[in-house]
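Protein sequences, first through last, are from chains W and F.
61 is the number that this note's numbering gives to position 61 of the first sequence; each next residue is one higher, with no gaps.
Count along the second sequence from 1, add 1000, and you get the number used in this note's numbering.
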Amino acid sequence: MKMNNHKVWQCILCDFLYDEYLGLPEHGIAPGTRWQDVPDDWECPDCGVGKADFEMQELQTAITA
Amino acid sequence: MNEPIVIIGAGQAGAELALALRRGGCTQRIVMKGDEPYLPYRRPALSKGFLSGKVPESALYHTTAERLADNDIEFMPGSRIVHVDPARKLITSADQKVLRYSKLAFATGGSPRQIECPGADLSNINYLRTIDDACLLRKTLTSGTKLVVIGGGFVGLEIAATAKEQGADITVLEAGPRVLRRSTCAEIAAFISEQHLSAGVKIAVNKQVRAFHSLGTKAVTAVECADGTVYPADLVVVGIGLIANDELAASAGLDVDRGIIVDELGQTSDPDIVAVGDCANSMNTFCGYRLRLESVQGAMEQARVAAMTMLGKGIVARSIPTFWSDQYNLKLQMIGVPTDADQIITRSYPNRESFAAFYVRNGILKAAHFINGASDIMAARRLIMEEIPVSNKDLINPSMPLNSLLTETAA
Ligand SMILES: Cc1cc2nc3c(=O)[nH]c(=O)nc-3n(C[C@H](O)[C@H](O)[C@H](O)COP(=O)(O)OP(=O)(O)OC[C@H]3O[C@@H](n4cnc5c(N)ncnc54)[C@H](O)[C@@H]3O)c2cc1C
Ligand SMILES: [Zn+2]
Chain W
1 MKMNNHKVWQ CILCDFLYDE YLGLPEHGIA PGTRWQDVPD DWECPDCGVG
51 KADFEMQELQ TAITA
Chain F
1001 MNEPIVIIGA GQAGAELALA LRRGGCTQRI VMKGDEPYLP YRRPALSKGF
1051 LSGKVPESAL YHTTAERLAD NDIEFMPGSR IVHVDPARKL ITSADQKVLR
1101 YSKLAFATGG SPRQIECPGA DLSNINYLRT IDDACLLRKT LTSGTKLVVI
1151 GGGFVGLEIA ATAKEQGADI TVLEAGPRVL RRSTCAEIAA FISEQHLSAG
1201 VKIAVNKQVR AFHSLGTKAV TAVECADGTV YPADLVVVGI GLIANDELAA
1251 SAGLDVDRGI IVDELGQTSD PDIVAVGDCA NSMNTFCGYR LRLESVQGAM
1301 EQARVAAMTM LGKGIVARSI PTFWSDQYNL KLQMIGVPTD ADQIITRSYP
1351 NRESFAAFYV RNGILKAAHF INGASDIMAA RRLIMEEIPV SNKDLINPSM
1401 PLNSLLTETA A
């Protein structure tokens, strides 16, 4: 799967990373799912804060795929 | 240089370090050795949803075997490192295998502080740090179990809350004058204690355990305190703090002081060795002094910073300590460093389900603790990070959303 400009979002409370490239298949969110397409009632799998408490990160995301 | 980067310890910090190295463009071999038999996993649920059975084991894992393999991370479970020789850059595992490294990371976490008193070696006296500990506890915890929890810290109180849902009969024994003394203010602690009391959990303070007793069997039957009180018990869980796993680093000659000493880049006293997570006593750029965090956020943040350090592109991140805890239907969320403040302002909400404490110094918010107040976390973080002046009057007022205090910069 190729995905350009995929972003990484970080939970401000526990530092959990949501990587658009990887998605979260364990939570029914397919790889490649953009942040805006993650359901609004989705919660951080670690600490339980809501989607609004995530921030976009300027991380290098060179995943060897 | 063809020797691998080696990571000792495969917890959340170790795994994040390995993944962050690849994200940062590392092309070297990466070897991660952990002494547990499991893939790297997250511990918070061990005292919460995993203990109660709501969270399955599969949901604990920080990463998958495929993802590690995709990232060319050579993960070796069940491998305990027993010796490190920084002069020759060698590590030795318990099976006497020797491996040479180019750069090394300690991500060895911590171990529960053991209680020392007569009877401490009886059976059914447990600690909680690993999946195995939690499984054992889950098996022994049934409805009607007389459980004595020693230590009124987060782990102890979370175990009490979870066990109560299982129908156990619970007493928490706290050595100090109140619970959560190291981590939050008296008001938040009182709010949480009240939930425990109304759920039927007994909390006794100023109780120093003097001995464990049994009736001829090997299993504990009672806990005796220094004031002479005796509590019957079928099961005891001890949660009296964590000791950093720093003895391997100390014997390798690294500087340690209740944790492996590292600077803001994660660097130890050896230029080719970093340390991250619960094992590290690290310079925190947010508070400007060294502290040993015991939190997921600390572990993850330090892992990412140390990865960059190992790749030679040291980046100092200004990271703000955070922590959370779940007990009953209370979600406690903590941000900042309360000890930097000299004044505590509390906020009560009419619904009585939420509560907040603000830690202030000279009109600047230093930390905030929320009970069921998630919608204010983001704003609190900005108030703290950007040092935006706040008034006590606004902080006390429950109808004043913290968002509206972010006047200096547009929200
Ligand atoms: C019950 C419980 C509840 C918690 N709840 C929360 C919470 O709600 N929020 C929060 O932020 N934090 C919580 N924490 C704390 C959080 O889990 C830790 O801060 C985090 O796990 C630290 O990660 P780490 O990788 O530094 O250490 P660890 O996760 O301890 O990993 C270290 C690993 O290294 C291994 N190791 C040690 N020595 C060696 C050696 N010589 N050779 C090989 N391997 C070795 C250890 O066995 C372990 O597997 C909780 C912890 C526990 C135990
Ligand atoms: Zn989170």
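Every residue, glycine too, gets a C-beta built ideally from N, C-alpha and C.
Under a CB-based cut-off of 8 Å, is residue i close to chain F?
i: ILE12 of chain W; result: yes
i: VAL49 of chain W; result: yes
i: ASP46 of chain W; result: yes
i: ALA62 of chain W; result: Low local confidence applies: a pLDDT of 38 at ALA62 of chain W is under 50, so the model's placement there is unreliable, and no value is given.
i: GLU26 of chain W; result: yes
i: ASP53 of chain W; result: yes
i: TYR18 of chain W; result: no
i: MET1 of chain W; result: In this prediction, MET1 of chain W scores a pLDDT of 46, lower than 50, which makes its location untrustworthy; no coordinate-derived value is stated.
If you check the beta carbons only, do residue i and residue j fall under 8 Å apart?
i: PRO1077 of chain F; j: TYR1101 of chain F; result: no
i: VAL1031 of chain F; j: ILE1150 of chain F; result: no
i: ALA1013 of chain F; j: GLN1327 of chain F; result: no
i: LEU1141 of chain F; j: ALA1161 of chain F; result: no
i: ILE1159 of chain F; j: LEU1242 of chain F; result: no
i: LEU1412 of chain F; j: LEU1147 of chain F; result: An answer regarding residue 1412 of chain F cannot be provided, because it is not within the stretch 1001 to 1411 covered by chain F.
i: LEU1046 of chain F; j: LEU1128 of chain F; result: yes
i: VAL1276 of chain F; j: THR1268 of chain F; result: no
i: ILE1320 of chain F; j: MET1378 of chain F; result: no
i: LEU1122 of chain F; j: PHE1212 of chain F; result: yes
i: ALA1107 of chain F; j: ILE1170 of chain F; result: no
i: VAL1360 of chain F; j: ALA1341 of chain F; result: yes
i: VAL1084 of chain F; j: LEU1248 of chain F; result: yes
i: THR1322 of chain F; j: LEU13 of chain W; result: yes
i: ILE1240 of chain F; j: ARG1113 of chain F; result: yes
i: ALA1357 of chain F; j: ILE1188 of chain F; result: yes
Among residues of its own chain, excluding the 5 on either side of residue i, which ones have a beta-carbon nearer than 7 Å to its beta-carbon?
i: ALA1094 of chain F; result: ARG1080, VAL1082
i: SER1404 of chain F; result: none
i: ALA1411 of chain F; result: Confidence in ALA1411 of chain F is poor, its pLDDT being 40 and thus under 50, which makes the residue's placement unreliable; the coordinate value appears in the next sentence. Here the set comprises ASN1403.
Determine, using beta carbons only, whether residue i comes closer than 8 Å to chain W.
i: LYS1366 of chain F; result: no
i: THR1409 of chain F; result: With a pLDDT of 47 at THR1409 of chain F, under the threshold of 50, the predicted position of this residue should be treated as unreliable, though the coordinate-derived value follows. Closer than 8 Å: no.
i: ALA1059 of chain F; result: yes
i: GLN1195 of chain F; result: no
i: ALA1018 of chain F; result: no
i: LYS1331 of chain F; result: yes
i: ALA1374 of chain F; result: yes
i: THR1309 of chain F; result: no
i: THR1322 of chain F; result: yes
Sorry if obvious, but does the Cβ on residue i come closer than 7 Å to a heavy atom of ligand 2?
i: VAL8 of chain W; result: no
i: LEU1286 of chain F; result: The residue you asked about is not Leu; residue 1286 of chain F is Phe in the sequence shown. Because no heavy atom of ligand 2 lies under 7 Å away, the Cβ of PHE1286 of chain F does not count as near it: no.
i: PHE16 of chain W; result: yes
i: LEU13 of chain W; result: yes
i: ASP46 of chain W; result: yes
i: VAL1418 of chain F; result: Here chain F has residues from 1001 to 1411 only, and residue 1418 of chain F is not among them.
i: VAL1209 of chain F; result: no
i: VAL49 of chain W; result: yes
Residue i: beta carbon under 7 Å from a heavy atom of ligand 1?
i: ASN1329 of chain F; result: no
i: ILE1030 of chain F; result: no
i: TRP35 of chain W; result: no
i: LYS1033 of chain F; result: yes
i: ASP1169 of chain F; result: no
i: VAL1155 of chain F; result: yes
i: ILE1007 of chain F; result: no
i: ALA1010 of chain F; result: yes
i: PHE1323 of chain F; result: yes
Residue i versus chain W: which residues are under 9 Å apart at the beta carbon?
i: ARG1129 of chain F; result: Those do not exist, as ARG1129 of chain F stays about 18 Å from chain W at its closest Cβ, beyond 9 Å.
Which bits of chain F does residue i rub up against, with CB to CB less than 7 Å?
i: ALA30 of chain W; result: Chain F residues near ALA30 of chain W: none, gap ~15 Å exceeds 7 Å.
i: ASP140 of chain W; result: An answer regarding residue 140 of chain W cannot be provided, because it is not within the stretch 1 to 65 covered by chain W.
i: ASP40 of chain W; result: Going along chain F, no residue has its Cβ under 7 Å from ASP40 of chain W, so there is no contact; the nearest lies around 14 Å.
Leaving out five residues on either side along the sequence, give the residues of the same chain with a beta carbon under 6 Å from the beta carbon of residue i.
i: ASN1284 of chain F; result: LEU1291
i: ASN1002 of chain F; result: none
i: LEU1152 of chain F; result: Reading off the sequence shown, one finds Gly at residue 1152 of chain F, where the question assumed Leu. Taken in chain order, the residues that qualify are VAL1172, GLU1174, VAL1179.
i: ILE1364 of chain F; result: GLU1387
i: GLU1074 of chain F; result: VAL1031
i: PRO1118 of chain F; result: ALA1211
i: VAL1220 of chain F; result: LEU1122, ASN1124, ILE1125, PHE1212, SER1214, ALA1233, VAL1236
i: ALA1015 of chain F; result: PRO1040, HIS1062, THR1063
Within its chain, find whatever has a CB closer than 8 Å to the CB of residue i; leave out the 5 residues flanking it on each side and keep chain order.
i: GLY1053 of chain F; result: ARG1138
i: GLU1264 of chain F; result: SER1282, MET1283, ASN1284, THR1285, VAL1305, VAL1316
i: PRO1401 of chain F; result: SER1375, ASP1376, ALA1379
Starting from the beta carbon of residue i, find every residue of chain W whose beta carbon is closer than 7 Å, and list them in chain order.
i: THR1145 of chain F; result: Residues of chain W passing the Cβ test: none, with the nearest at roughly 28 Å.
Run down chain W in chain order and give the residues with a C-beta less than 8 Å from the C-beta of residue i.
i: ILE1377 of chain F; result: ILE12, LEU13, VAL49, ASP53
i: ARG1042 of chain F; result: ASP46
i: ARG1381 of chain F; result: ILE12
i: THR1063 of chain F; result: Residues of chain W passing the Cβ test: none, with the nearest at roughly 10 Å.
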